[in-house]
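Here the structure is laid out as structure tokens; the discussion comes afterwards.
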Amino acid sequence: MSPLVRRTWSPCGRGAILRQRTRHHQKLSVIAALVVSRSRHRVRLCFRLHLDQAVDSPKAAAFLRQLGGQVRGPVMVVWDRLTAHRSKLIRAFAARRPRFRFEFLPPYAPELNPVEYAWSWLKTNPLANYAPRDATDLPRAAHSHGRRLQNKRSLLWSFIEHSPLPLRHK
Numbered sequence: 000m001s002p003l004v005r006r007t008w009s010p011c012g013r014g015a016i017l018r019q020r021t022r023h024h025q026k027l028s029v030i031a032a033l034v035v036s037r038s039r040h041r042v043r044l045c046f047r048l049h050l051d052q053a054v055d056s057p058k059a060a061a062f063l064r065q066l067g068g069q070v071r072g073p074v075m076v077v078w079d080r081l082t083a084h085r086s087k088l089i090r091a092f093a094a095r096r097p098r099f100r101f102e103f104l105p106p107y108a109p110e111l112n113p114v115e116y117a118w119s120w121l122k123t124n125p126l127a128n129y130a131p132r133d134a135t136d137l138p139r140a141a142h143s144h145g146r147r148l149q150n151k152r153s154l155l156w157s158f159i160e161h162s163p164l165p166l167r168h169k
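So for the sequence shown, numbering that gives the first Met the number 0 puts the first residue at 0; every next one is plus one.
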């Protein structure tokens with residue numbers, strides 16, 4: 000959980016010190032979706048945070064169930080090629096739910112994924128230079144800033160429009 004240092008200062012001739020009290024090998028995993036309405040007039044961000052856990056197939060399936068409960072009508076899921084996204088569990092999930100359609104991005108193409116832009120923006124803007132005080136501090140801050148990002152519709156649209164995917168705001 001080492002902070003992303005964007006800018007800092009210190010007296011002349013001294014190195015800057017950014018203190019953190021948590022273990023640096025802890026990690027925070029995120030699974031997220033940018034949900035675009037069928038008419039392409041609305042967009043929203045849905046996400047789940049997992050402290051010290053990777054996003055595996057059961058977590059991905061739970062996220063899809065939650066997403067299915069929040070979104071009416073057909074759901075197209077555009078995913079990267081994470082192993083958990085292509086697992087037997089997810090294929091079985093898709094077979095039981097015909098309203099879900101899955102498309103996969105090409106390998107090693109984060110520039111196509113609008114969700115990557117959202118998390119990059121969070122890390123380099125509100126969470127830049129943020130040093131958590133304890134293990135629960137970073138998830139709390141990430142959740143809080145993620146919730147604020149949910150209310151910034153024009154910014155969410157900019158992530159989608161910046162991606163070369165053919166999903167444009169009408």
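Every residue gets a Cβ at the ideal spot worked out from N, C-alpha and C, and that includes glycine.
Does the stretch 124 to 140 touch the stretch 103 to 114, meaning 3 or more C-beta pairs lie closer than 8 Å? no
Within this structure, are the beta carbons of A93 and F103 separated by less than 7 Å? no
In chain order, which alpha helix (DSSP H) runs of at least 4 residues are fully inside the stretch 65 to 127? 87 to 95 and 113 to 123
Whole angstroms is fine: what's the gap from D133's alpha carbon to S38's? 43 Å
Best match in W8, C11, I30 and H144 for proximity to E115 [C-alpha to C-alpha]: I30
Could you work out which residue in S9, L164, S157 and A91 is closest to P57 when comparing CA atoms only? A91
Pairwise C-alpha distance: F62 and R147: 20 Å
If the criterion is Cβ atoms closer than 7 Å, does the pair L27 and L137 meet it? yes
What are the partner residues of A30, as DSSP defines its beta bridges? A small correction: the amino acid at residue 30 is Ile; Ala does not occupy that position in the sequence shown. DSSP output for I30 lists R47 as bridge partner(s).
Kindly indicate which residue of K87, V76, E160 and H84 has the alpha-carbon position closest to the one of R98. V76
Shortest alpha-carbon distance to A53 belongs to which of P105, V70, Q69 and T82? T82
Within 10 Å of its beta-carbon, does L33 have 16 or more other beta-carbons around it, so buried, or fewer, so exposed? buried
Let me confirm a value: W156 is counted as buried when at least 16 other C-beta atoms fall within 10 Å, else exposed. Which label applies? buried
Is the beta carbon of R66 sitting closer than 7 Å to the one on A141? Residue identity differs from the one stated: residue 66 is Leu in this sequence, not Arg. Cβ distance not < 7 Å, so L66 and A141 don't count as in contact.
Neighbourhood of A60 by C-beta distance below 7 Å, restricted to the same chain and skipping five residues each side: L88, I89 and F92
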